[in-house]
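Engineer:
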Amino acid sequence: MANAMVGRTFVLRSLTRIALTCALVSTVAAGAAQPPPAEALWSHLEAARDEIPRDRFDLEAVVASVGTDPAALFTWVRDETTLLPYRGLLKGPTGVLLDRGGNALDRALLLRALLELAGWEASLVTATLPPDASAALAAAARAATPAPAPIGREHATDLAARAAQELELDESDVAAALARAAAETRSFDALLATRSARLGDALLAALAPHPDASATSDPFSEVWWVRVVLEDGFTQDLDPSLPDALPGERLAADGRVFDPDTLEAFATLDGPCPDLTCGDRLHVVVVRAIAETLRDDGLVEHVLLERAVLPAAVLGTPLALSVTAYGGDGAPDPFGTTGAAAALRDALLDHDAWRPELTIGEASVPGRVVRVDGTVHDEPGEPPAASSGGVGGIGLGGFGFGFGGGADEDEEEEGADGFTALWWEYAVHTPGVGRTVERREVFDLLGPAARASGAWDAFDASSEARFERALALAGQSELALLPAALHPDLLHFLAATRLLAERDAWDAFAARGTSAAMVDVNARLNALAGLRTAPERFALARARASRDDGRGAQTGLLALAHHRRLASDLSTVQGFDLIAAPPAPFATAVREGVADAVLESLSSAAGEADGGARNDGPTVAEAFDRDPSSWRVLRHHEADHPDGVAALAALPPDLAARVRADLDAGFTVVVPSDAADAVGWWRVDPMSGATLGRGTRGWGQATTSYAERINVVMQLRGVVNQYAAMGQCLGLAVTQPLQGIEGVGDELQACIFSLVCGQVNTAAGILVKDEAWTSVILLGTIDALWGGVSEAGFGGFCGSIWKRLAP
Numbered sequence: 014m015a016n017a018m019v020g021r022t023f024v025l026r027s028l029t030r031i032a033l034t035c036a037l038v039s040t041v042a043a044g045a046a047q048p049p050p051a052e053a054l055w056s057h058l059e060a061a062r063d064e065i066p067r068d069r070f071d072l073e074a075v076v077a078s079v080g081t082d083p084a085a086l087f088t089w090v091r092d093e094t095t096l097l098p099y100r101g102l103l104k105g106p107t108g109v110l111l112d113r114g115g116n117a118l119d120r121a122l123l124l125r126a127l128l129e130l131a132g133w134e135a136s137l138v139t140a141t142l143p144p145d146a147s148a149a150l151a152a153a154a155r156a157a158t159p160a161p162a163p164i165g166r167e168h169a170t171d172l173a174a175r176a177a178q179e180l181e182l183d184e185s186d187v188a189a190a191l192a193r194a195a196a197e198t199r200s201f202d203a204l205l206a207t208r209s210a211r212l213g214d215a216l217l218a219a220l221a222p223h224p225d226a227s228a229t230s231d232p233f234s235e236v237w238w239v240r241v242v243l244e245d246g247f248t249q250d251l252d253p254s255l256p257d258a259l260p261g262e263r264l265a266a267d268g269r270v271f272d273p274d275t276l277e278a279f280a281t282l283d284g285p286c287p288d289l290t291c292g293d294r295l296h297v298v299v300v301r302a303i304a305e306t307l308r309d310d311g312l313v314e315h316v317l318l319e320r321a322v323l324p325a326a327v328l329g330t331p332l333a334l335s336v337t338a339y340g341g342d343g344a345p346d347p348f349g350t351t352g353a354a355a356a357l358r359d360a361l362l363d364h365d366a367w368r369p370e371l372t373i374g375e376a377s378v379p380g381r382v383v384r385v386d387g388t389v390h391d392e393p394g395e396p397p398a399a400s401s402g403g404v405g406g407i408g409l410g411g412f413g414f415g416f417g418g419g420a421d422e423d424e425e426e427e428g429a430d431g432f433t434a435l436w437w438e439y440a441v442h443t444p445g446v447g448r449t450v451e452r453r454e455v456f457d458l459l460g461p462a463a464r465a466s467g468a469w470d471a472f473d474a475s476s477e478a479r480f481e482r483a484l485a486l487a488g489q490s491e492l493a494l495l496p497a498a499l500h501p502d503l504l505h506f507l508a509a510t511r512l513l514a515e516r517d518a519w520d521a522f523a524a525r526g527t528s529a530a531m532v533d534v535n536a537r538l539n540a541l542a543g544l545r546t547a548p549e550r551f552a553l554a555r556a557r558a559s560r561d562d563g564r565g566a567q568t569g570l571l572a573l574a575h576h577r578r579l580a581s582d583l584s585t586v587q588g589f590d591l592i593a594a595p596p597a598p599f600a601t602a603v604r605e606g607v608a609d610a611v612l613e614s615l616s617s618a619a620g621e622a623d624g625g626a627r628n629d630g631p632t633v634a635e636a637f638d639r640d641p642s643s644w645r646v647l648r649h650h651e652a653d654h655p656d657g658v659a660a661l662a663a664l665p666p667d668l669a670a671r672v673r674a675d676l677d678a679g680f681t682v683v684v685p686s687d688a689a690d691a692v693g694w695w696r697v698d699p700m701s702g703a704t705l706g707r708g709t710r711g712w713g714q715a716t717t718s719y720a721e722r723i724n725v726v727m728q729l730r731g732v733v734n735q736y737a738a739m740g741q742c743l744g745l746a747v748t749q750p751l752q753g754i755e756g757v758g759d760e761l762q763a764c765i766f767s768l769v770c771g772q773v774n775t776a777a778g779i780l781v782k783d784e785a786w787t788s789v790i791l792l793g794t795i796d797a798l799w800g801g802v803s804e805a806g807f808g809g810f811c812g813s814i815w816k817r818l819a820p
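Residue numbers (the working numbering): 14 to 820.
Given below as structure tokens:
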């Protein structure tokens, strides 16, 4: 554990920086004796949420603004949204609001939804255009597409003045804090843009020659419109396809009426369909958990979980992938156990069965159970002792961890272990394009090189290997399937709603003050981590970059994950992982893939400048940036040529096996020739230009270890979260329990303050990257409830530690 002994000097230096952040978020005026009552804090937050413009994500807000007249709603959809070139149902009504654009189907869905909210009966109608009419529509759509609109931001001076008036804050301090936040965002965006442009140019030069455009099916040949029943019983067609269209006009002479009750029903448009993947109407992602077991007859793969997810139907809903463990006597309390690190190891090694789980909002999709001996069962034997948790409300974080009895108590003999690997797999179905399958490793004790060579005896069932497996399975992945770019207004609204949903828990915590146990502190950390998720932050930064370089609205699915787990030293390991990106012409697709890889790299390393993280080696983007000319391009037909064989032989065996699998699948790869840069490779689709930067594990590019100071936004779930949050402090408490904070030594108090109090403000600071009144109120509420300012803490929890640490 790096520098686990945190001393007074380090903490006081950290507090100086933290105090600057607190100048923005404290809801108490300098010198004020008492903070405002809790009711006032929540009232401020509710009022701030009510001020957020909701016409980017709330259909009812549009109807309230535009009115209920069908012609007015038609005009709003025609003028405020644009026709975009893609096939199938991608965005749904909410996605069109977010992007202010969609194809004919998605715009018709929005118009129908608005009409039905306004009290009108409406149906969808579809027809196929002849080639000349389709070409004319495409030309009209291109001419009418506006430049990306900048995101409106409130002026920092206005925010500061309002904070001074309504919250009794120092106006100059607030203005300075907002200016620093804005400068950080501008610096991040500028670095992303310059590095992406430089590496994009280099990769395109290496790939030359390349096709000028990707061949796709005509996205404008299928038109959709809405048929509304008016008050007199007559119907009227509303087709917003053309920018000058009028009510009653339509592009096609007539069409087929379709009146689905749900978005999922579009799978049945062309006939009966057992699931969402048949036909070519829906953008769908099939999520699978695949286990590999080693039995007497060799390696066998088992599909433990399979669920088709429609991105348009889950927009704004948190998704998570996790694994519930069974076996043993339950998890030790890290704050009431002597030698907690060793106790955690013993508990993890006692696990003998695991069940993967997909969480969609509050709904849980459990999979089958795989046992340590490699057998697969529908149930573990008994229900787990602890709930596997889920995502509360509309995205509160707070995942549980299922330790505790259930599976057979029989001891497994050393060597009888047969559970060799687990992967999450994503099959992305894109209308007019086809299906791509991405597999992401959770753990792999055999390794791709040994698997490819048939060397199954390389399987390591030692206690260290089993501990590594247990740690990997104790992690979780947040999944984001985004058919539209996230807008800051939506994220501010979600964060405020998530915090308000926890109001009772926060009030109870604040009332306990210094008597709060560390398990209660951990629960609040977990709630804070869910205010804005890691994928949401990534997607927001990507949306800013898209607007800045003029990419325009999204015309395909953005699928990404954020993986996090514990390392063997109890540090937190996390990494971003791009799964799929919207299509584009070849050169643009390569540039966007490179930009996404650079964003992965910068996002994973965001805590390094604060001393809170260390990258486990360079990312693919960083290694490529050292000397792009030294990297070697291999096309799929070159894998068995002497030069290709030599290039693969120069890579580590497992990395070479992963690269070879991409070559065999028809991809072009760009690999390092220097062993020092063998941290991953570029994978490029030779036809579409879709580009991914892939790391040694086959996902993301690099992981980041949080050892010295752990940012709360990277916490794990449940009991394992407690170890991750307090991992560095455990070294200070190997001979005493950590139940509460009273009576422990100064160094341990310093450690807890740095992690728990300081990091709350650091993590919450993420919310202020866009200048908005909601951010000021959110941060003020968090700070007052948590008590992160020396004399102004609402509950005094952190304030009491400060008083004992301050000189």
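Note that beta-carbon positions come from the ideal geometry of N, C-alpha and C, so glycine has one too.
It should be emphasised that the depicted structure is a prediction, and the values quoted were computed from it without experimental measurement.
#1: Could you give the distance in angstroms between the alpha-carbon of Leu553 and the alpha-carbon of Ala149?
#2: Across the region 428–437 and the region 275–291, are there enough close Cβ pairs to call them in contact, namely three or more that are closer than 8 Å?
#3: Within 8 Å, do at least three Cβ pairs link the region 489–508 to the region 94–109?
#4: Closest to Ala491 by CA distance: which of Leu504, Glu370, Asp470 is it?
#5: Do Ala608 and Ser200 have their CB atoms nearer than 8 Å?
#6: For the alpha helix (DSSP H) holding Ala659, just list the boundary residues, first then last.
#7: Just checking my contact of Ile65 with His576 at CB under 8 Å: how many whole Å lie between their CB atoms?
#8: Would you kindly work out how many angstroms separate the C-alpha atoms of Ala524 and Arg537, rounded to a whole number?
#9: What residues are listed by DSSP as bridge partners for Ile303?
#10: Between which two residues does the beta strand (DSSP E) containing Glu454 stretch?
#11: Express the C-alpha separation of Phe480 and Ser581 in angstroms, rounding to a whole number.
#12: With 16 as the cutoff for other CB atoms within 10 Å, does Gly261 come out buried or exposed?
#13: May I have the straight-line CA-CA distance separating Leu86 from Leu128, to the nearest angstrom?
#14: Given 7 Å as the limit, tell me if Ala321 has its C-beta closer than that to any heavy atom belonging to the ligand ZN.
#15: Can you list, in chain order, the residues of its chain with a C-beta nearer than 6 Å to that of Ala622? Leave out the 5 residues immediately preceding and following it.
#16: Given a threshold of 16 other Cβ atoms within 10 Å of its Cβ, counted over all protein chains shown, does Gln587 qualify as buried or as exposed?
#17: Got a sec, what are the start and stop residues for the beta strand (DSSP E) Gly708 sits in?
#18: Among all the DSSP beta bridges, which residues are the ones paired with Arg577?
#19: When you compare only the Cα positions, how much space is there between Asp214 and Pro631?
#20: When DSSP labels each residue in this structure, what does Trp133 get in the three-state scheme?
#21: Tell me whether Asp250 sits in a helix, a strand or coil according to DSSP, three-state version.
#22: Could you compute how far the alpha carbon of Val385 sits from the alpha carbon of Pro232?
#23: What does the alpha-carbon distance come out to for the pair Leu264 and Asp252?
#24: Below 8 Å CB to CB, which residues in the same chain sit around Asp68 once its five sequence neighbours on both sides are set aside?
#25: Tell me which residue opens and which closes the beta strand (DSSP E) that Val327 is part of.
#26: Three or more C-beta pairs under 8 Å: does that hold for the region 690–698 against the region 632–647?
#27: Grouping DSSP H, G and I as helix and E and B as strand, with all else coil, what is Pro224?
#28: Per DSSP, what kind of secondary structure is Thr568 in: helix, strand or coil?
#29: According to DSSP, is Phe271 helix, strand or coil?
#30: From Leu328 to Leu615, what distance separates their C-alpha atoms?
#31: Helix, strand or coil for Arg479, going by three-state DSSP, please let me know.
#32: Three or more beta-carbon pairs under 8 Å between the region 697–709 and the region 592–599, yes or no?
#33: Could you tell me which of Leu676, Ala326, Gly284 sits nearest to Val6, measuring between CA atoms?
#34: Can you name, in chain order, every residue of its own chain whose Cβ lies under 7 Å from the Cβ of Leu664, other than the five neighbours on each side?
#35: Which residue marks the beginning of the beta strand (DSSP E) containing Gly693, and which one marks its end?
#36: Quick one: measure Cβ to Cβ for Thr568 and Pro98, integer angstroms, because I've assumed they're closer than 8 Å.
Structural biologist: Checking against the coordinates, here is how it stands:
#1: Roughly 34 Å separates the two Cα atoms.
#2: Taking a contact to require three or more Cβ pairs closer than 8 Å, the region 428–437 and the region 275–291 do not qualify as touching.
#3: A contact exists between the region 94–109 and the region 489–508.
#4: In the sequence as displayed, the identity of residue 491 is Glu instead of Ala. It is Glu370 whose Cα lies nearest to the Cα of Glu491.
#5: No, these two residues do not count as a Cβ contact at 8 Å.
#6: Per DSSP, Ala659 belongs to the alpha helix (DSSP H) from 655–662.
#7: With a contact defined as Cβ atoms closer than 8 Å, Ile65 and His576 miss out at about 31 Å.
#8: Between Ala524 and Arg537, the C-alpha separation is close to 13 Å.
#9: Per the DSSP secondary-structure output, Ile303 pairs in a beta bridge with Val316, Trp436.
#10: 447–457 is the extent of the beta strand (DSSP E) around Glu454.
#11: One Cα belongs to Ser581, the other to Phe480, and the distance between them is close to 8 Å.
#12: Label assigned to Gly261: exposed.
#13: Cα to Cα, Leu86 sits roughly 7 Å from Leu128.
#14: For the structure depicted, the ligand ZN is absent and the ligand set is empty, with no information on it obtainable.
#15: With a pLDDT of only 38 at Ala622, under 50, the local geometry of the prediction cannot be trusted, and the value read off the model is given with reservation. Result list for Ala622: empty, nothing under 6 Å.
#16: With 16 or more other Cβ atoms within 10 Å, it is buried.
#17: It spans 704–708 - the beta strand (DSSP E) in which Gly708 sits, taken as one unbroken run.
#18: Beta bridge pairing from DSSP links Arg577 with Gln489, Gln587.
#19: Looking at the two C-alpha atoms, the distance is approximately 20 Å.
#20: Three-state result, Trp133: coil.
#21: Asp250 falls in the strand class under three-state DSSP.
#22: A direct Cα-Cα distance of roughly 49 Å separates Val385 from Pro232.
#23: Approximately 8 Å, taken between the alpha carbons.
#24: Correct list, in chain order: Ala74, Val75, Ser78, Leu110.
#25: Segment: none, Val327 is in no beta strand (DSSP E) and carries neither H nor E.
#26: Contact annotation: the region 690–698 touches the region 632–647, with at least three C-beta pairs closer than 8 Å.
#27: Pro224 falls in the coil class under three-state DSSP.
#28: It is coil, neither helix nor strand.
#29: Phe271 carries a strand assignment under DSSP once its states are collapsed to helix, strand and coil.
#30: Leu328 and Leu615 have their C-alpha atoms spaced approximately 25 Å apart.
#31: Here Arg479 sits in helix by DSSP.
#32: Segments in contact, yes.
#33: A query on residue 6 cannot be resolved here, the shown segment of the chain reaching from 14 to 820 and no further.
#34: The beta carbon of Leu664 is closer than 7 Å to those of Val672, Val684, Ala691 in its chain, skipping five residues each way along the sequence.
#35: Residues 693–697.
#36: Taking 8 Å as the upper bound for CB-CB distance, Thr568 and Pro98 are in contact here, some 6 Å apart.
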